[in-house]
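Input: a single structure, listed below in structure tokens.
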Amino acid sequence: MPTPAPTGPLVTRDTLSARLRALGVRPGEILLAHSSLSALGWVNGGAATVVRALLDALGPDGTLVVPTQTGDLSDPALWQAPPVPPAWWATIRATMPAYDPLTTPARGVGVIPEAVRTWPGALRSAHPQTSFAAVGRRAAEVVAGHATDCRLGERSPLAVLERLGARVLLLGAGYDACTAFHLAEYRVPSPRVEVGRPGPDGWETVTEVSITSEDFDALGHDFERDRPVVRGTVGAADARLFPLAEAVAYAEGWLGTHRPREEEFQHPTV
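Residue 281 is where the sequence shown starts when you use this note's numbering, and the numbers rise one by one after that.
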């Protein structure tokens, strides 16, 4: 069978950067971007073109931040897509490579964050499962101090981004990808869970706040209804732009109302 023709629109670096500026991305700002390359259309140059366009819109004084999570560095007993045989679990735990900010690839967040992670001058935070990578003037400040026992809370880049007045860009991604909402989970009563992962000295377990994005689409719907969110189109993708601090503050109230109290949790999600 012949290869089907690519679907459009045809997207270039210049058209992307122009649409990002039209959406409201400002030179010099700090932007936490969640993205989907396939949602944009046919991008000439792929993920690298998207990164260049984002950096064009931000200018030399701006900073681009992306999640570079590594959820595969986790307990194989919890894996579902796909699961592995229980007989393998002990060997997997014993031989799983520890996190290396320079070489461990991002997983489950798309190809654009991986392009940012490997970009010249990129810096990456230290958490072995929920790291962030940043490029730009304030990259070092954003990624520094990410505690290895704080996935997405007060000692993570999210709290730094909140303090620095960053904005969130959802570029073809939904609110279920909005990591800023997780910061609110640390500020409302939430269950704690034991989290297993490879460490520098072998398998380790830490106690962490239980996090889940299962209701983030509903949270995002209400946030967009009640708060100003800039909406537009970049390529073929729906795009949203909003202040991170406003999203976190709204999520704190929403989660406190819509999620059960901590004592009502019986089977928290890791």
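For each residue, glycine too, the CB sits at the ideal point set by N, CA and C.
Computed from a predicted model, the values in this text were never measured in an experiment.
**Request:** Would you decide whether residue 323 is buried or exposed? Buried here means 16 or more other CB atoms lie within 10 Å of its CB.
**Result:** Its Cβ being crowded by 16 or more others within 10 Å, residue 323 is buried.
**Request:** With DSSP as the reference, please indicate the residues paired to residue 518 in a beta bridge.
**Result:** The partner list for residue 518 (beta bridge, DSSP) reads 513.
**Distance, residue 329 Cα to residue 292 Cα** = Between the C-alpha atoms of residue 292 and residue 329 there is a straight-line separation of about 7 Å.
**Asked** With distances taken between CB atoms, is the gap from residue 584 to residue 415 smaller than 7 Å?
**Response** Because the chain spans 281 through 550 in this model, residue 584 falls outside it and cannot be assessed.
**Asked** In this structure, what does DSSP give as the bridge partners for residue 488?
**Response** Checking the DSSP bridge columns, you'll see residue 488 partnered with 473.
**Proximity test, Cβ basis, 7 Å: residue 322 and chain D** = Although the question refers to chain D, the structure presented lacks it and comprises just one protein chain.
**Message:** Rounded to whole angstroms, what is the Cα-Cα separation between residue 488 and residue 441?
**Reply:** Rounded to whole angstroms, the separation of the alpha carbons of residue 441 and residue 488 is 21 Å.
**Message:** Could you tell me the alpha carbon to alpha carbon distance between residue 506 and residue 496, rounded to whole angstroms?
**Reply:** Cα to Cα, residue 506 sits roughly 15 Å from residue 496.
**Request:** Rounded to whole angstroms, what's the CA-CA distance from residue 312 to residue 432? Just pull it up for me.
**Result:** Residue 312 and residue 432 have their C-alpha atoms some 14 Å from each other.
**Contact under 7 Å by Cβ, residue 402 with residue 413** = Yes, the pair counts as a contact, with Cβ atoms nearer than the cut-off.
**Prompt:** Which residues in the same chain have their Cβ closer than 6 Å to the Cβ of residue 321, if we skip the five residues on either side of it in sequence?
**Reply:** Sequence-distant Cβ neighbours of residue 321 in its own chain, meaning closer than 6 Å and more than five residues away, are 288, 289, 291, 515, 516.
**Proximal residues to residue 498 (C-beta, below 8 Å), its chain only, five neighbours per side dropped** = Same-chain partners within the cutoff: 538.
**Request:** Using beta-carbon positions only, say whether residue 528 and residue 464 come within less than 7 Å of one another.
**Result:** Using a Cβ distance threshold of 7 Å, residue 528 and residue 464 count as a contacting pair.
**Unbroken beta strand (DSSP E) run spanning residue 315, endpoints** = Here the beta strand (DSSP E) through residue 315 covers 310-315.
**Prompt:** For residue 388 versus residue 351, is the C-beta distance shorter than 7 Å?
**Reply:** Residue 388 is a Cβ neighbour of residue 351, given a cutoff of 7 Å.
**Prompt:** Looking only at DSSP bridge pairs, what is residue 359 linked to?
**Reply:** BP columns for residue 359 are empty, so no partner.
**Asked** According to DSSP, which residues form a beta bridge with residue 323?
**Response** The partner list for residue 323 (beta bridge, DSSP) reads 291.
**Message:** So, for residue 364: in the same chain, excluding its five sequence neighbours on each side, which residues have a beta-carbon less than 6 Å away from its beta-carbon?
**Reply:** Answer for residue 364: 356, listed in chain order.
**Asked** Curious, which full-length beta strand (DSSP E) runs of at least 3 residues does the segment 337-381 contain?
**Response** Assignment of beta strand (DSSP E) within the segment 337-381, counting only whole runs of 3 or more residues, yields 343-347 in chain order.
**Message:** Strictly by DSSP, which residues pair up with residue 413?
**Reply:** In the DSSP output, where bridge partners are listed per residue, residue 413 has 346, 404.
**Asked** Does DSSP put residue 507 in a helix, a strand or coil?
**Response** The answer is coil: DSSP assigns residue 507 none of H, G, I, E or B.
**Item:** Euclidean distance between Cα positions of residue 421 and residue 347
**Value:** So the two alpha carbons sit approximately 16 Å from each other.
**Prompt:** Should residue 368 go down as buried or exposed, given a rule of 16 or more other Cβ atoms within 10 Å for buried?
**Reply:** Residue 368 should be labelled exposed.
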